[in-house]
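Per my numbering, residue 9 is the first one in the first sequence, and the count goes up by one each step. Even for Gly, the Cβ is constructed at its ideal location relative to N, Cα and C. All figures in this text were calculated on a predicted structure; none of them were measured in a lab. Single-structure report; data block below.
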Amino acid sequence: MNNKNSAELLFPHITKKISDYDTIYPKRILQEGAKVTRLGPSPTGFIHLGNLYGAFVDERLAAQSDGVFFLRIEDTDDKRQVEGSVEVIINSLNFFGIKFDEGVTIDGSVGDYGPYYQSERGSIYQCFAKELVERGLAYPCFLNEEEISSIREEQEKTKQNPGIYGEWAKNRELTYDEILANIDAGKPYVIRLKSQGNPNAVGDEVKTISVEDGIRGILVMPENVQDIVILKATGIPTYHFAHVVDDHLMRTTHVVRGAEWLSSLPVHVELFNVLDLKMPVFCHTAQLMKLDEEGNKRKLSKRLDPELSLEFYKNQGYHPRSVREYLLTILNSNFEEWRIANPDLPMEDFHFTLEKMSNSGALFDLNKLNDISKDVLAKIPAKELYVWLKDWATEFHPEANILFENNEDYFEKILDLGRSGNNPRKDLIYASQIFEFISYFFDDTFKIEDKNPENISDEDAKLILNAYIASYDHSDDQSAWFNKIRTFGLTLGYAAKPKEYKKNPELYKGHVGDVSTVIRIAVMGRSQSPDVWEIQQILGEEKTKNRILKQL
RNA sequence: GUCCCGUUGGUCAAGUGGUCAAGACAUCGCCCUCUCACGGCGGGGUCGGGGGUUCAAUUCCCCCACGGGGUACCA
């Protein structure tokens, strides 16, 4: 038996059979309908919003069905490894609430379906490859780089499809003796699939495959005809082969991956068929896009788009829950309606479905994220916000650390400012914005940023502040406080209501709004802010008076 | 070049052979109001183009355009 001998020659050290692995990694015992999903990042040291987006789908699918979500590291490309990136991946995803049930963790692997690093699964892939060689469905190919590129040139010249297939696959039918001779000569080789597709078919003769995608419905594509590489010269598998072997042995039920894999789907289908394995449900997600300077949609790129990096959100201080809610609104458009109907339920109560996912690429929209974040933060109690802000500042804004010392009560009052009642304020968006927003509460960061209204001269402003300090009583309630402002405003020549001023502008210097703006700027340094009385109550009498006095 | 996927307002999108073509963000106007927010009310704005099929097409079919992706011993 030619093939059997070749297989022995190629893989002398492989003694296990595929069936042995099926015993080692038996079918998972899970309840009916449980989904097994996986994330398979390559450890390049960069994890982005697209990864989170996909991971979120995996996580929801598994969690909602009491299934399993595991992490497998796809480190088959030795050129792209980056030290420490596995930790970065795990920590980043964890920060945004993505937790794995199984697979690689910070302290080693967990689960019965390992190893979870593809680099440690070499003999498994080789076993599968060996059996394919034995069965005449794969073969060693000794074509070197030059030979392959000259094949390509020839194909381009004659306008044929590029690749190694059909008669271009010159090593397809090598005999045992030829293989032996090549190996003895020390020639490097790869293992290629001997595609069962017909490369010479044209028009209606072209066979098609039909796959039901979890997101896109039925996909019909031409069958694969390429003798793709399954094991590289190093003995390490390509993605295609590793995917098929691993997702079978790890008993993955749903493969969630980006649309960039769509075109290699026929390859995967052939591999599953040729190995006689049950295919998982493929779920090809749309890619996240962004509008470029010329107004074209384009794929987010890590070089050009800082907001693609998960670090961006951590740096800016977006709350993980905000990012999660935003992602869910892109993932399932009906989430938004659900959220409006159920403002107080945790987002995990929403039933996520693949069918509701869009097939076209969504533009990333920072506006929307901000809007969602306002609602999210509005519901988080001040105590929790305080802890979150403190943690964020420790890492990204250390100069603010001093603000947290013995200041918890003060801080919480600030964060709760205007948040009670039926129409709570929604001022808080992300941590760095919050520090900016509340900076006037702290003498270290307080500064006069805005100018008095144009109709108020410096003398007028002093008159107003003098009258204010003279009438100031910290124990006044809000309406008493404002009535005083109206009263002395009127004697100084300012209408008590803006409408009165508008009716007879010639009678007044301005209106009560101008008066309170002057006060607002003295106390807050800004012409716009939440309610002055409430802010003064938080600041305290001493600080309030000092700030006014300083402007006199 | 070739293969694959996609295309509903500025953005995210629901949706169906006959709809006034939802909703959200953004935007504009008004109301509330001492500013800003919040909230309320309202406005503008969409089925990429061309052919079919049909009494009727945004919806079904074909062609084109545009966008994205693949075409690796990357994933």
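Would L279 pass as a contact of V252 if the rule is Cβ separation under 8 Å?
Counting from one through the first sequence, the residue named residue 279 turns up at place 271. Counting from one through the first sequence, the residue named residue 252 turns up at place 244. Contact: yes.
With C-beta atoms as the reference, is I543 less than 8 Å away from S524?
Taking the first residue of the first sequence as 1, we reach residue 543 at position 535. Taking the first residue of the first sequence as 1, we reach residue 524 at position 516. Cβ distance not < 8 Å, so I543 and S524 don't count as in contact.
Under the DSSP definition of a beta bridge, which residues are partnered with F77?
Indexing the first sequence from 1 puts residue 77 at position 69. Answer by DSSP bridge pairing, in chain order: T45.
Buried or exposed for P389, going by 16 or more other Cβ atoms inside 10 Å?
By one-based count along the first sequence, residue 389 stands at place 381. Counting Cβ neighbours within 10 Å, P389 comes out exposed, since fewer than 16 surround it.
For the beta strand (DSSP E) that contains T293, what are its first and last residues?
Translated into the one-based positions of the first sequence, residue 293 becomes position 285. Here the beta strand (DSSP E) through T293 covers V289 to T293.
Integer-rounded CB distance, given that T293 should sit under 8 Å from I223:
Start at 1 with the first residue of the first sequence, and residue 223 comes out as number 215. Start at 1 with the first residue of the first sequence, and residue 293 comes out as number 285. Confirmed, about 7 Å.
Under 8 Å: do the segment 161–180 and the segment 110–124 share three or more Cβ pairs, one atom per stretch?
no
Who pairs with L296 in a beta bridge, going by DSSP?
The residue you call residue 296 lines up with position 288 of the first sequence. L296 pairs with A370.
Beta-carbon proximity list for R129, same chain, < 6 Å, skipping 5 on both sides:
The sequence position of residue 129 within the first sequence is 121, counting from 1. P123.
In this structure, does DSSP put I22 in helix, strand or coil?
Locating residue 22 in the first sequence gives position 14, counting from the first residue. I22: coil per DSSP, three-state reduction.
How is W541 classed by DSSP in three states: helix, strand or coil?
On the first sequence, position 533 is the one that residue 541 refers to. In this structure, W541 counts as helix in the three-state DSSP scheme.
Pairwise C-alpha distance: K391 and W541
Mapped onto the first sequence, residue 541 falls at position 533. Mapped onto the first sequence, residue 391 falls at position 383. W541 and K391: Cα-Cα distance of roughly 23 Å.
Between the C-alpha atoms of L79 and F108, what's the straight-line distance to the nearest angstrom?
In the first sequence, residue 79 corresponds to position 71, counting from 1. In the first sequence, residue 108 corresponds to position 100, counting from 1. Their backbone Cα atoms lie some 6 Å apart in a straight line.
Identity of the residue in W176, L101, D484 and K195 nearest R150 by Cα:
Stepping through the first sequence from its first residue, residue 150 is reached at position 142. Sequence inspection shows Phe at residue 150; the Arg mentioned does not correspond to that position. Nearest of W176, L101, D484 and K195 to F150, Cα basis: K195.
The segment 235–244 touching the segment 20–29, judged by at least three CB pairs closer than 8 Å:
no
Unbroken alpha helix (DSSP H) run spanning G497, endpoints:
In the first sequence, counting from the first residue as 1, residue 497 sits at position 489. For G497, the uninterrupted alpha helix (DSSP H) segment begins and ends at Q486 to L500.
Bridge partners for T216 per DSSP, in chain order?
Here residue 216 refers to the residue found at position 208 of the first sequence. According to DSSP, T216 bridges with P230.
Endpoints, beta strand (DSSP E) assigned at S483:
Start at 1 with the first residue of the first sequence, and residue 483 comes out as number 475. Counted as a single uninterrupted DSSP element, the stretch harbouring S483 is not any beta strand (DSSP E), since DSSP gives it neither H nor E.
State buried or exposed for S366, treating a residue as buried only when at least 16 other CB atoms are found within 10 Å of its CB.
One-based indexing of the first sequence puts residue 366 at position 358. Result: exposed.
Pull up the CB-CB distance for L318 and L57, whole angstroms please, since I reckon it's below 8 Å.
As a first step, residue 318 is located in the first sequence; it is residue number 310 there, counting from the start. As a first step, residue 57 is located in the first sequence; it is residue number 49 there, counting from the start. Indeed they touch by this definition, with Cβ atoms about 7 Å apart.
Going by beta carbon distance, what residues of the same chain come within less than 8 Å of T246, once the five residues before and after it are set aside?
Position 238 of the first sequence, counted from the start, is the residue given in the question as residue 246. The residues are T84, I236, V237, I238, L239 and K240.
Do Y418 and S381 have their C-beta atoms within less than 8 Å of each other?
As a position in the first sequence, residue 418 is number 410, starting the count at 1. As a position in the first sequence, residue 381 is number 373, starting the count at 1. No.
C-beta atoms of E457 and G518 nearer than 8 Å
Here residue 457 refers to the residue found at position 449 when the first sequence is read from its first residue. Here residue 518 refers to the residue found at position 510 when the first sequence is read from its first residue. No.
Segment contact, 8 Å Cβ cut-off, at least three pairs: the segment 255–274 with the segment 23–41
yes
Member of K215, F320 and E549 whose CA lies at the smallest distance from the CA of P274:
Position 266 of the first sequence, counting from 1, holds the residue named residue 274. Closest option to P274, judged by alpha-carbon separation, among K215, F320 and E549: K215.
Quick check: what's the CA-CA separation for T552 versus H482?
Taking the first sequence and counting its residues from 1, the one referred to as residue 552 is at position 544. Taking the first sequence and counting its residues from 1, the one referred to as residue 482 is at position 474. Distance between the alpha carbons of T552 and H482 is about 9 Å.
I need the straight-line Cα distance from H276 to N232, nearest angstrom please.
Working through the first sequence from its first residue, we reach residue 276 at position 268. Working through the first sequence from its first residue, we reach residue 232 at position 224. Between H276 and N232, the alpha-carbon positions lie close to 9 Å from each other.
Given a cut-off of 8 Å on the beta-carbon distance, is the pair V94 and I81 in contact?
By 1-based counting over the first sequence, the position of residue 94 is 86. By 1-based counting over the first sequence, the position of residue 81 is 73. Yes. Within cutoff.
What's the gap between the Cα of F496 and the Cα of F343?
Numbered from 1 along the first sequence, position 488 holds the residue referred to as residue 496. Numbered from 1 along the first sequence, position 335 holds the residue referred to as residue 343. Taking the straight line from one Cα to the other gives about 52 Å.
The alpha helix (DSSP H) with Y200 in it runs from where to where?
As a first step, residue 200 is located in the first sequence; it is residue number 192 there, counting from the start. Per the sequence shown, residue 200 should be read as Arg rather than Tyr. No alpha helix (DSSP H) holds R200; the beta strand (DSSP E) holding it covers V198 to L201.
Could you work out which residue in V219, F450, N206 and K43 is closest to A70 when comparing CA atoms only?
The residue labelled residue 70 in the question sits at position 62 within the first sequence. It is K43.
How would you write the range of the beta strand (DSSP E) that Y147 sits in, first residue to last?
Residue numbering aside, residue 147 sits at position 139 when the first sequence is read from its first letter. From DSSP, the beta strand (DSSP E) with Y147 extends over A146 to C149.
Beta-carbon separation of V282 and L145 under 8 Å?
Numbered from its first residue, the first sequence carries residue 282 at position 274. Numbered from its first residue, the first sequence carries residue 145 at position 137. The Cβ atoms of V282 and L145 lie closer than 8 Å to each other.
A349: buried (16+ other C-beta within 10 angstroms of its C-beta) or exposed?
Sequence index remark: in the first sequence, residue 349 carries index 341 (1-based). A349 should be labelled exposed.
Kindly list the residues whose CB is nearer than 8 Å to the CB of A63, restricted to its own chain and excluding five residues on each side of it in sequence; keep chain order.
As a working note, residue 63 is residue 55 in the first sequence. Within the same chain, A63 has close Cβ partners L47, L101 and I106.
Go ahead and pull the three-state DSSP assignment for H519.
Residue mapping note: residue 519 aligns to position 511 of the first sequence, counting from 1. DSSP places H519 in strand when its eight states are reduced to three.
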